Amino acid sequence: MLENFFRNWNKKRLKNKKYDFLFDEPLPNEFISLDCETTGLNPKKDEILSIGAVLIRDNKILMRKTFNVFLKPSKNINAESIKIHHIRKVDLENALNPEDAIYQLLDFIGSRPIVGYYIKFDVTIISKYTKNFIGIKLPNETIEVSSLYFKTRKRSSDYEFIDLKFDTILKTLDIPALGKHDALNDAIMTAMMFLKLKDLTPAKTTFYTN
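With UniProt numbering, the residue at position 85 of the sequence shown is 85, and numbering never jumps.
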């Protein structure tokens, strides 16, 4: 009941009614796997450089339904951050302005739940843009693959360490690495993780988090 109250309150704050569809009931068995590359790890001050996403429908990753854009940053990216995200100035020559990129992303996502690896960060930094452009944070439900993975690991005690690194999860689940780590490749690999983990996770587990 409280969740519905906040959802309706959030909808009333929407500045552009074109995006009412973000609050529609999502279609069953459809998800969006998403990943962002950013200038840093502080969503309050850092910016998105690229967004990759892919549609999951009926336990299949639809490679014809992908989303992959670069965003123009407000200032030049520094050399230190390039070592992390590997996005160079030349890669951003045809980048979209952030407003156009975010509007395209919203059209692609719709009201579907969003799957990701440490997805809270991605949703938080995307919400910085959506709040500016349409007045609200991204309202979609989220599914954290590292949490699903953690729940499938057998432990001898509550204190046993579980390695939740992206590459460790890939290797443990026997999922092939897709070349370099960029936003789209990471979104596709995360989608593969999700489909494997969805079958391994106990049926009573709730996928969605806010």
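Think of the CB as a built atom: it goes at the ideal place given N, C-alpha and C, for glycine as much as any other residue.
All of these numbers come straight from a predicted model, not from anything done at the bench.
Look up residue 111 in the DSSP assignment and say whether it is helix, strand or coil. Residue 111 sits at position 111 when you count from the first residue of the sequence shown. Coil at residue 111, not helix or strand.
Can you check DSSP and say which residues form a bridge with residue 33? Here the question's residue 33 lines up with position 33 in the sequence shown. For residue 33, which the question treats as bridged, DSSP gives the partners 54, 115.
Indicate the three-state DSSP secondary structure (helix, strand or coil) for residue 194 in the structure shown. Residue 194 sits at position 194 when you count from the first residue of the sequence shown. Reduced to three states, the DSSP call for residue 194 is helix.
In three-state DSSP terms, what is residue 45? Reading the sequence shown from its first residue, position 45 is the one you call residue 45. If DSSP states are grouped into helix, strand and coil, residue 45 belongs with coil.
Is it right to say residue 3 is buried, meaning 16 or more other beta carbons lie within 10 angstroms of its own, or is it exposed? By one-based count along the sequence shown, residue 3 stands at place 3. Residue 3 comes out exposed.
Going by beta-carbon coordinates alone, are residue 115 and residue 56 separated by less than 8 angstroms? Residue numbering aside, residue 115 sits at position 115 when the sequence shown is read from its first letter. Residue numbering aside, residue 56 sits at position 56 when the sequence shown is read from its first letter. Result yes, Cβ atoms of residue 115 and residue 56 sit closer than 8 angstroms.
Where do the ends of the alpha helix (DSSP H) carrying residue 67 lie? Position 67 of the sequence shown holds residue 67. Taken as a continuous stretch (DSSP letters only), residue 67 belongs to no alpha helix (DSSP H), being part of the beta strand (DSSP E) at 60-70.
Taking DSSP as the reference, what is the three-state secondary structure of residue 201? Along the sequence shown, read from residue 1 onward, the residue named residue 201 stands at position 201. Collapsing the DSSP output to three states places residue 201 in coil.
For residue 190 and residue 110, I'd like the C-alpha separation in whole angstroms. Locating residue 190 in the sequence shown gives position 190, counting from the first residue. Locating residue 110 in the sequence shown gives position 110, counting from the first residue. The straight-line gap from Cα to Cα measures roughly 19 angstroms.
With DSSP collapsed to three states, give me the class of residue 14. Residue mapping note: residue 14 aligns to position 14 of the sequence shown, counting from 1. The answer is coil: DSSP assigns residue 14 none of H, G, I, E or B.
Can you give the beta carbon distance from residue 118 to residue 146, rounded, assuming they're within the 8 angstroms contact cut? By one-based count along the sequence shown, residue 118 stands at place 118. By one-based count along the sequence shown, residue 146 stands at place 146. The pair is a contact, with the Cβ atoms about 7 angstroms apart (cut-off 8 angstroms).
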